[in-house]
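Here is the structure we will look at.
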Amino acid sequence: MVNKSKPVSEDNKVEIDTMLVHPDGSSVTFLENGLDGQEEFITIEHRITRKGAINGPHWHPELKETFKIKEGRMRFLVDGQEIILETGEEITIQPRQVHQFWNIG
14 MVNKSKPVSE DNKVEIDTML VHPDGSSVTF LENGLDGQEE FITIEHRITR
64 KGAINGPHWH PELKETFKIK EGRMRFLVDG QEIILETGEE ITIQPRQVHQ
114 FWNIG
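In the numbering used here, the protein residues as written are 14 to 118.
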């Protein structure tokens, strides 16, 4: 799953190609950052190895996130609406939208 998030502040700069590996085998890799029109962005690849909930319900005050499914299926709950995405599909979560996601295969 690729996650393109906006914005990125000067305090949150990351080194591109840095990979964080979690004990369960999942990983996060920082792929690129830059400007998209007038907004800054960072593209992150999440490799999720286990099925089930990835996080609890949460929201971001300013961050817009776009998730693109590279392989498998993901379930999203966005402001109470359930959405199932498959390989090649994507969803954009706007600031202040309550969301949660699961790996379903």
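Just so you know, even glycine gets a beta-carbon here, dropped at the ideal spot from N, CA and C.
Given the structure is predicted, the values throughout are model-derived calculations rather than measurements.
1. In angstroms, rounded to a whole number, what distance separates the CA positions of K64 and T42?
2. Apart from the five residues just before and just after L33, which ones in its own chain have a Cβ nearer than 6 angstroms to its Cβ?
3. Which full runs of the beta strand (DSSP E) of 3+ residues lie inside the segment 33-80, going along the chain?
4. For E102, collect the residues of the same chain with a Cβ closer than 6 angstroms to its Cβ; drop the 5 residues on either side in sequence, then sort them by chain order.
5. Looking only at its own chain, which residues have a Cβ that is under 7 angstroms from the Cβ of I67, when we skip the five neighbours before and after it?
6. Can you list, in chain order, the residues of its chain with a C-beta nearer than 6 angstroms to that of I97? Leave out the 5 residues immediately preceding and following it.
7. Could you compute how far the alpha carbon of K77 sits from the alpha carbon of E95?
From the atom records:
1. Reading the sequence shown from its first residue, position 51 is the one you call residue 64. Reading the sequence shown from its first residue, position 29 is the one you call residue 42. Their backbone Cα atoms lie some 19 angstroms apart in a straight line.
2. The count along the sequence shown starts at 1 and reaches residue 33 at position 20. Only V41 meet the Cβ criterion.
3. 40-49 and 52-60
4. Working through the sequence shown from its first residue, we reach residue 102 at position 89. I82, listed in sequence order.
5. On the sequence shown, position 54 is the one that residue 67 refers to. Excluding positions up to five away in sequence, the list reads I61, F114, W115 and N116.
6. The residue you call residue 97 lines up with position 84 of the sequence shown. Taken in chain order, the residues that qualify are R88.
7. In the sequence shown, the residue the question calls residue 77 occupies position 64. In the sequence shown, the residue the question calls residue 95 occupies position 82. C-alpha separation (whole angstroms): 19 angstroms.
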